[in-house]
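Enquirer:
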Amino acid sequence: MTECHPSPIGQNVRVETTAPTIRVDEHGRPEPPLAADETATLLGFLDYQRATLAWKCSGLDAAGLRATVAASSITLGGLLKHLAYVEDSWFSQSLHGRDKSPPWDTVDWKADPDWEWHSAAEDSPEQLRTLWQETVARSRSLVAAALADGGLERLARRTWPDGSAPSLRWILVHMIEEYGRHNGHADLIRELVDGSTGE
Numbered sequence: 173m174t175e176c177h178p179s180p181i182g183q184n185v186r187v188e189t190t191a192p193t194i195r196v197d198e199h200g201r202p203e204p205p206l207a208a209d210e211t212a213t214l215l216g217f218l219d220y221q222r223a224t225l226a227w228k229c230s231g232l233d234a235a236g237l238r239a240t241v242a243a244s245s246i247t248l249g250g251l252l253k254h255l256a257y258v259e260d261s262w263f264s265q266s267l268h269g270r271d272k273s274p275p276w277d278t279v280d281w282k283a284d285p286d287w288e289w290h291s292a293a294e295d296s297p298e299q300l301r302t303l304w305q306e307t308v309a310r311s312r313s314l315v316a317a318a319l320a321d322g323g324l325e326r327l328a329r330r331t332w333p334d335g336s337a338p339s340l341r342w343i344l345v346h347m348i349e350e351y352g353r354h355n356g357h358a359d360l361i362r363e364l365v366d367g368s369t370g371e
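Residue numbering for the sequence shown follows our numbering, beginning at 173 and increasing consecutively.
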């Protein structure tokens, strides 16, 4: 791309600029930018964490996605479904004030508050991956809409019981935290399943 910039002597100087190159590591994860603005940095770290989950769940059959570690009931399939629910909860329901979308809208959450974890065992690997991927794609669109509507300061439409509401900035940081914590679980489970390790 060519841009014109004024020089110290008052003449326009043509400068060739290029968009920053996104580096992708050996596991297919886009590395967060090193010196970008706040929005790009937050989105970069969230996408890196998302890609880490995708990597940890890649190439596994149903048995692999249902494997557990010791006494824990957490599975990789459960993580995919849980994080799909968390994405929908924060970016669709909280940020934009929308109703629950399928499959969450027909669940009796009072009867089973951890339904997404328990029901994942009944889903095929394709169903779990598709649900998570489609939810992430929808979340990206919802975040873009919120950024255009107020930037990182944009408040969630759905308020908390005390009337306060988190900003988009807060939600993005929380989602990075959520993925980071669960990716630690995913790392341990994947090593148990087939010995694969890595950050």
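Glycine is no exception: its CB is placed at the ideal position from the N, C-alpha and C atoms. All values derive from a computational prediction rather than experimental measurement.
Using the C-alpha atoms, what's the distance from Gly367 back to Gly269?
Expert: 42 Å
Enquirer: For Gly231 versus Leu248, is the C-beta distance shorter than 8 Å?
Expert: no
Enquirer: With DSSP run on the structure shown, which of helix, strand or coil describes Ser339?
Expert: strand
Enquirer: For Val241 and Leu319, which I take to be in contact (beta-carbon distance under 8 Å), what is that distance rounded to the nearest angstrom?
Expert: That pair is no contact at about 38 Å.
Enquirer: Whose C-beta lies closer than 8 Å to the C-beta of Leu218 among residues of the same chain, with five residues either side of it excluded?
Expert: Leu344, Met347, Ile348 and Tyr351
Enquirer: Look at Ala223 and Arg201 and say whether their C-beta atoms are less than 8 Å apart.
Expert: yes
Enquirer: Quick check on Leu327: does DSSP put it in helix, strand or coil?
Expert: strand
Enquirer: In terms of alpha-carbon separation, which member of Leu340, Asp286, Val258 and Leu206 lies closest to Leu303?
Expert: Of the listed residues, the one whose Cα sits closest to Leu303 is Val258.
Enquirer: So, for Trp276: in the same chain, excluding its five sequence neighbours on each side, which residues have a beta-carbon less than 7 Å away from its beta-carbon?
Expert: Tyr257 and Asp260
Enquirer: Per DSSP, Pro202 is paired with what?
Expert: Val196
Enquirer: Between the alpha carbons of Glu203 and Gln221, how many angstroms are there, rounded?
Expert: So the alpha carbons of these two residues sit roughly 10 Å apart.
Enquirer: Can you find the residues in the same chain that come closer than 6 Å, C-beta to C-beta, to Arg341, ignoring five residues on each side of it along the sequence?
Expert: Leu324
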